[in-house]
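Novice: For reference, each letter of the sequence shown is one residue, going 1 to 148 in UniProt numbering.
Where is the CB? At the ideal position from N, CA and C, for every residue including glycine.
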Amino acid sequence: MSIFVGDVCNKESEFRQKYLSSISCFKEVYLNSNSKFKCSRQGSAAFQIYQNSVGLLVNETEEVQRNRAWCISKAYGLACFSADLGESCGEATRTTFVDTLKRFKYMRMSDCTEETMQELKTNFLDYLQLEDEKRHIFYTMFDQRRRK
């Protein structure tokens, strides 16, 4: 959090420039579109179909199942929203959104295990069978390492 605040407050920061130039369009899309709701529903549906097709329920506790479902559904929803944000506001706004989430380590703070994070980038992403551009967008959201 302190790195985020430092970068936003530093007038020389490249992140600050990107953040300030993106925030108004981001706010407009977030507040005035159905994208976040649509993406959330799609994330839940995609996880349910994925779970049923690969049989994830074997030998897992209810808590593990719940955490995996939440993590994968949330990650899908954020990746979907990120793609919609890119379409509405441009690639710079989309990448700034993703970078902001990574700075906060959002997915890791949301009880997503390392195992589930790896599953997102491999099995789940392969299962989605997205075209190349959308696959890249989803991968960048699922890969929680910050770009330097």
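1. Along the chain, which unbroken stretches of the alpha helix (DSSP H) at least 4 residues long are found entirely within the stretch 93-137?
2. Just to confirm the assignment, what range does the alpha helix (DSSP H) spanning Q65 have?
3. So what's R147 in DSSP terms, helix, strand or just coil?
4. Taking C-alpha atoms, which residue in E133, V98, A46 and L130 lies nearest to F142?
5. Applying the 10 Å Cβ sphere with the 16-neighbour rule, what's the burial state of D126?
6. Do you know offhand how far Y19's Cα is from I72's?
7. Where does the unbroken alpha helix (DSSP H) through N32 begin, and where does it stop?
8. Along the alpha helix (DSSP H) that carries G43, what are the first and last residues, could you check?
9. Taking 7 angstroms as the threshold (C-beta atoms), are Y76 and A45 in contact?
10. For E87, tell me which candidate among K105, D7, E115 and V29 has the shortest Cα-Cα distance.
Specialist: In short:
1. If only uninterrupted alpha helix (DSSP H) runs of at least 4 residues are considered, those enclosed by the stretch 93-137 are 106-109, 114-119 and 125-128.
2. First-last of the alpha helix (DSSP H) with Q65: E62 to C89.
3. Confidence at R147 is low in this model, with a pLDDT of 49, below 50, so its placement is unreliable and the value that follows should be read with caution. Residue state, collapsed to three classes: coil.
4. Its Cα nearest to that of F142, the residue V98 stands out among E133, V98, A46 and L130.
5. With fewer than 16 Cβ atoms within 10 Å of its Cβ, D126 is classed as exposed.
6. So the two alpha carbons sit approximately 26 angstroms from each other.
7. For N32, the enclosing alpha helix (DSSP H) has its first and last residue at E14 to N32.
8. Per DSSP, G43 belongs to the alpha helix (DSSP H) from S35 to V54.
9. The answer is no: Cβ separation not under 7 angstroms.
10. For E87, the closest C-alpha among the options K105, D7, E115 and V29 is that of V29.
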